[in-house]
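See structure below.
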Amino acid sequence: MDLQLFAKKKGVGSSRNGRDSRSKRLGVKSHDGQFVTAGSIIVRQRGTKIHPGVNVGVGKDYTIYAKTDGYVSFERRGKDKKIVSVLPEHPTVQPAVSLSQDNN
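Taking numbering that gives the first Met the number 0, the leading residue of the sequence shown gets 0, the next gets one more, and so forth.
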């Protein structure tokens, strides 16, 4: 005698994963060489991934902002330290050797 039992109630699957938080929009907001006004946010970050330099301030949530009008400048110090500053004049690249030399 073969007897097969069936479930009285339909099994209902449940998932414990169906949620997510909103993105926080972190990252660099003003890039190297870009003009910013005082109070402009330059970097939104968690912790000091990028450290403050000249003419910038740090908010309580580690947001780096411009204290004066100027041009954003990113630089590296050492192997893994990044620093952002705001310079009053646009950083221009100076040629290492001038090409118009007179060799008389």
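Glycine included, each C-beta is placed from N, C-alpha and C at the ideal position.
Check	Outcome
Alpha-carbon spacing of G56 relative to A65, whole angstroms	6 Å
Cβ-Cβ separation, V42 to V83 (assumed contact under 8 Å), whole Å	6 Å
Cα-Cα separation between K9 and S22, rounded to whole angstroms	38 Å
When Y70, S72, K80, T62 are compared against L25, the one with the closest alpha-carbon	T62
Cβ separation of V11 and V35, assumed to be a contact under 8 Å, to the nearest whole Å	Actually they are not in contact, since the Cβ atoms of V11 and V35 sit about 55 Å apart, beyond 8 Å.
K28 vs H50 beta-carbon contact at 8 Å	no
Per-residue burial, G69 [other beta carbons within 10 Å of its own, 16 or more giving buried]	buried
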